[in-house]
Structures are given as structure tokens and as C-alpha cells.
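Per the working numbering, numbering of the sequence shown is gapless, rising by one per residue and ending at 294.
Below: the structure, in C-alpha cells.
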Amino acid sequence: MELRVLEYFLAVAREQNITRAAEFLHLTQPTLSRQLSDLEDEFGKQLLIRGKRKVTLTEDGSYFRKKAEEIVTLAHRTETEMKNTDRTISGDIYIGTGESVSIRNIIRVAHKVQKEYDGIHFHFTSGDTVDLVERLDKGLFDFCILFGDIDQSKYEYITLPYTEKWGVIMPSSCELTEKERIETKDLWDKPLIMSRQAIQNSSFLKWFGQKPEDLNVINTYNLVYNGTLMADEGMGYLVTLEGLINTKGTNLCFKLLHPEQPLVLSIVWKKYQTQSKAAEKFIERLMNVISN
């Protein structure tokens, strides 16, 4: 199984057409078709369903596509890193993060690094903890920015000097907006819109004071913008972090939840992982900013 053949397969999966993929790859259609057939023979599995106008993936093909993308990504990153020298540092830094206004501080550090090394490029991906950690473990992220406790047996980490607070977004017409202080227990009997991460987090649930099965969670989200749309439609009360959504001038309002529960942020990376020179420069600058 050669890297170029994986790239051929990914091009066909992306274009959903062998002719278009062959044009993109500057290959003849028969050559590309033969390479794909050889790949299927190598695994003894059908990866593609060849229709008259469209190529679709089989179940095995979908699984293989995900793995092929991971392999190709890691191969290209390794190649770039090996070409770096001490005088010329370049490459890509992949960072997975939850949604937080504190990420602006990380982005400022990234900006400083790019001013010094214009060959370094940053790629931020938002998601919840489960998705982010899975990709970190596979080597697809250099770093993740996570909330709460860290598995110290698996990861190196730096606790960041930033915290976030939980609150609730709701229509301005809701009765709770008239309360000077909203407590978590005020939401126990309300229809809730919550992140998947929150309802799977024991620390959050302990603070909230209820078990998941005792809460009326009508909808979940992994990116808060979609949750805001649900709240704006009057579907429920959106539990989220402070500062992510500006409700000024809208039909919504945000209020902090009490007792306040500050969330600590950490930047983590895999233990015993050899960092690229670009990643080393980034973490070095971040530690300088924190110490100052």
C-alpha cells in the first residue's frame, strides 16, 4: 500500500467520479481505475461502487477513507518537519479546542509566532472533548485546549491562567430574566439545551445538582451557535459559557448561574511525543507569555 495510491483513492472519494479524479491527478482514467482495482485486490474488499455517473463508497470504503486521510496527513506533516532546519522553521500546528473566549489569548501567541516565523501555519478545530481527545491520541492534533481535569497518565499539560463561567441564554421575555440571581436549581424543571460534553461530565453534573436522567434536556449541541438558534426559537434554556455569544440587541439575554463554577483551561499534548520544531516554538512562546 503506497502513499500515492492512498491519495488516488482519496481523490476519487472526494470527486465521486473517476474521470474528474483522473484529471485532477493528471492521470489517464484506465491507469487510475487499475490502481484502485489493485488496492481492492490487496485488501480483498470492495471499496467503491462504480455507477454510470457517480462513484460511492462501500461501508469498508468509508472506513478506509477515514484511515487513509489520517495516514496521508501524518505523512505530509512528517515530510515538512524533516525538511526544517534550525534557521528555517516552518510547518503546520494543529490545535483542537472547545469554545471559549480565552482562546483569543492563545491566538495572540500564535500571531506572535507567525510574525517571527512566517512559514508556520496554525489550524484550529472546534469540538467537544471526546472528539478532540480522539484526534489528539491519533496524532492529528499537536495540542488540545481542554476544560477541567486532565488525564496525567497520558498527557503533558500546562494549566492556563484563564477561567470561564457557566451561564444561561434565554429569551428576554422569560420569567427567569426578572430574577437578580439565577441558581442552577431554577433550571431543574425547565427545558434545557446543553452541550454533549456537559451532560457527560461528572463534575459539571455534581455542580448542577441533578443526574442527567432527572433533567429535561430536550436538545444537545457541540457548537454553541446552533444552540443559540434553538434558544432564539424558544425551544429551551441554553446552558453555555460566558462571553461566547453577544446577546446585545437581540431577543435573548445571558445571565450567570450561581453558585459560580469557574472552569480551568489547560493546553495538553501526548506524553513522550516528539514535537515538531514549529510546535516547540509555539509552546515556548506560550510559556513565556504565561510566566510574564
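For glycine and all other residues, C-beta sits at the position ideal for the given N, C-alpha and C.
All values derive from a computational prediction rather than experimental measurement.
Residue environment, residue i, which counts as buried when at least 16 other CB atoms sit within 10 Å
i	result
Ile247	buried
Met232	buried
Glu215	exposed
Ile147	buried
Tyr157	buried
Tyr10	buried
Tyr227	exposed
Residue i - containing alpha helix (DSSP H), residue span
i	result
Thr131	Thr131 to Asp139
Asn221	Asn221 -> not in any alpha helix (DSSP H); beta strand (DSSP E) instead, spanning Val219 to Tyr223.
Trp209	Ser204 to Phe210
Ser293	Lys279 to Ser293
Close-in-space but distant-in-sequence residues of the same chain around residue i (CB under 8 Å, 5 per side omitted)
i	result
Ser35	Ile20
Gln31	Ile20, Thr21 and Ala24
Integer Cβ distance of residue i from residue j, believed to fall under 8 Å
i	j	result
His125	Asp94	6 Å
Pro163	Ile292	6 Å
Residue range of the beta strand (DSSP E) that includes residue i
i	result
Lys257	Leu254 to His260
His123	Ile122 to Ser128
Met172	Trp168 to Pro173
Arg183	Element bounds for Arg183: n/a, residue is neither H nor E.
Spatial distance of residue i from residue j (CA atoms)
i	j	result
Ser205	Gln275	29 Å
His123	Arg287	15 Å
Glu44	Gln37	11 Å
Thr161	Asn294	14 Å
Ser155	Lys273	8 Å
Glu166	Thr33	55 Å
Lys279	Gly150	28 Å
Met84	Gly63	31 Å
Lys250	Gly53	52 Å
Asp144	Tyr96	5 Å
Thr230	Glu71	32 Å
Leu2	Val115	In the structure as shown, the chain starts at 3 and stops at 294, and residue 2 therefore has no counterpart that could be examined.
Pro173	Pro193	13 Å
Glu4	Thr127	28 Å
Val57	Leu12	12 Å
Phe91	Lys140	Looking at the sequence provided, one finds Ile at residue 91 rather than Phe. Cα-Cα distance, rounded: 24 Å.
Close-in-space but distant-in-sequence residues of the same chain around residue i (CB under 6 Å, 5 per side omitted)
i	result
Tyr159	Ile152, Ser268 and Val270
Cutoff 7 Å; reference residue i; Cβ partners in own chain excluding five residues on either side
i	result
Asn224	Gly129, Asp130, Ser197 and Arg198
Glu42	Gln48 and Leu49
Ile184	Val170, Leu178, Lys257, Leu259 and His260
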